[in-house]
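*Asks:*
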Amino acid sequence: HLQNARKDQVSCWSALFLLGVAAYVVESSPGFYTLDPRWRLPVQVVSSDAPAVFWITIGAFFVDDFRVRWYHALVLLALTTVAVVQIWIHSTSIFALHSALSLSCVLLAIWHVLAGRAADLVEGRRRLRVIYAVVIALYTVLIVASDWLWPGGLSAASMSLVNAVG
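Letter by letter, the sequence shown follows residues 4 to 169 of this note's numbering.
#1: Between the beta-carbon of residue 55 and the beta-carbon of residue 104, is there less than 9 angstroms?
#2: What is the rounded straight-line gap between the Cα of residue 75 and the Cα of residue 120?
#3: Report yes if the C-beta distance between residue 61 and residue 112 is below 9 angstroms; otherwise report no.
#4: Could you tell me the distance, in whole angstroms, from the CA atom of residue 73 to the CA atom of residue 83?
#5: How would you call residue 42, buried or exposed, if buried means at least 16 neighbouring beta carbons within 10 angstroms?
#6: Looking at the structure shown, is residue 160 part of a helix, part of a strand, or coil, going by DSSP?
#7: Just checking my contact of residue 53 with residue 23 at CB under 8 angstroms: how many whole Å lie between their CB atoms?
#8: Taking the straight line between their C-alpha atoms, what separation do you get for residue 110 and residue 78?
#9: Under 8 angstroms Cβ to Cβ from residue 29, same chain only, skipping five residues before and after it: list those, please.
#10: Have a look at 86, 108, 134 and flag the residue whose alpha-carbon is nearest the alpha-carbon of residue 40.
#11: Out of 93, 139, 48, which one is the CA nearest neighbour of residue 80?
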């Protein structure tokens with residue numbers, strides 16, 4: 004993706020999304036939250052932006068005339084701000100805001116996946132859209148539900164490997 008990032012917006016956003024996924028895997032590791040906040044900050048910011056970058060990546064991949072707009076930047080800024088605030092203020096309402104923003108980005112990505120399905124002329128890509136949307140939705144619900152229902156969520160030592168594999 005990095006080789007094609009200058010020429011292809013799908014490659015550019017995919018590379019950034021994969022960086023966010025890598026940051027999320029690091030953030031999900033047991034003991035991450037015991038680190039000094041200055042060490043956690045860059046990882047948490049990159050990880051927290053992953054849902055918005057995912058939304059942009061999916062738009063670039065599935066929408067032929069996709070362009071990054073001001074509201075994409077606004078959502079990225081909001082997620083970054085919430086991530087920074089979460090490091091120093093542990094509040095259920097801030098956590099709920101981050102979850103809501105993340106879910107909104109994922110839902111918008113799923114909308115991109117499904118919206119143009121009927122007009123997609125590439126049969127393989129048309130079938131991929133539905134499978135992709137279902138897998139994304141299920142995994143996202145699992146992540147958000149685990150954070151709310153289990154102590155430590157999928158970052159708990161017993162679930163960390165399962166989460167990283169997912």
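In this text, a Cβ means the ideal position worked out from N, Cα and C, and glycines have one as well.
*Replies:* On the basis of the data shown:
#1: yes
#2: 22 angstroms
#3: yes
#4: 15 angstroms
#5: exposed
#6: Only weak support is given to the placement of residue 160: the predicted model assigns it a pLDDT of 48, under 50, and the value that follows is read from those uncertain coordinates. Coil, per DSSP.
#7: 3 angstroms
#8: 13 angstroms
#9: 35, 46, 50
#10: 86
#11: 48
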